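In this note's numbering, the protein residues as written are 32 to 151. Quick reminder that beta carbons are idealized off the backbone N, C-alpha and C, glycines included. Note that the structure is a prediction, hence the values are computed from the model and not measured. Written below as structure tokens is the structure these notes are about.
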Amino acid sequence: MADKEAAFDDAVEERMINEEYKIWKKNTPFLYDLSFLQQTSKAKGATWMGLSDLKKEGSWLRVDDSLLSSRFQKYWNRGEPNNIGEEDCVEFAGDGWNDSKCDLQKFWICKKSATPCTAS
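Right, dumping it as structure tokens:
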């Protein structure tokens, strides 16, 4: 009986590891991007990231006018967004996001498709 229980426990543990691996593999590109963006904002200072609520307060849109999913709320710094002084644009600041005035000069982070290398 103990052997069956041990085999069952091993199977459950293996399944959990496989599920965690699938989640990790699916999210790895996003996590690399997030890490890069955080390191850039730490090195260069607060960095614009292409989100604003200029069209409707509290409704955060990307530069392509697509609505930011609520699943990204966890990336705001504590107490943000707070709209102090009409802050309508989003910046990376430290380890998270902050709303800030859109007319401030900061570095930008842009998404660009990769271009294939060609042999000369």
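Check, Outcome
"Using the Cβ count rule (16 or more neighbours within 10 Å means buried), how would you classify Phe-123?", "buried"
"Look at the Cβ atom of Tyr-17, then the Cβ atom of Trp-79, and state whether they are nearer than 7 Å.", "Beyond the ends of the chain as shown, which are 32 and 151, falls residue 17; an answer cannot be given."
"Going by beta carbon distance, what residues of the same chain come within less than 6 Å of Lys-156, once the five residues before and after it are set aside?", "With the chain covering 32 to 151 only, the question about residue 156 has no answer from this structure."
"Helix, strand or coil, according to DSSP, for Ser-90 in the structure here?", "coil"
"Hey, would you say Ser-97 sits closer than 7 Å to Cys-120, going by beta carbons?", "no"
"State yes or no: is the C-beta of Ala-77 within less than 7 Å of the C-beta of Lys-137?", "yes"
"Bridge partners for Asn-129 per DSSP, in chain order?", "Glu-122"
"State the Cα-Cα distance for the pair Arg-46 and Arg-109, rounded to the nearest angstrom.", "35 Å"
"Taking 7 Å as the cut-off, decide whether the C-beta atoms of Leu-99 and Trp-91 are in contact.", "yes"
"If you reduce the DSSP assignment to three classes, tell me which class Ser-101 lands in.", "helix"
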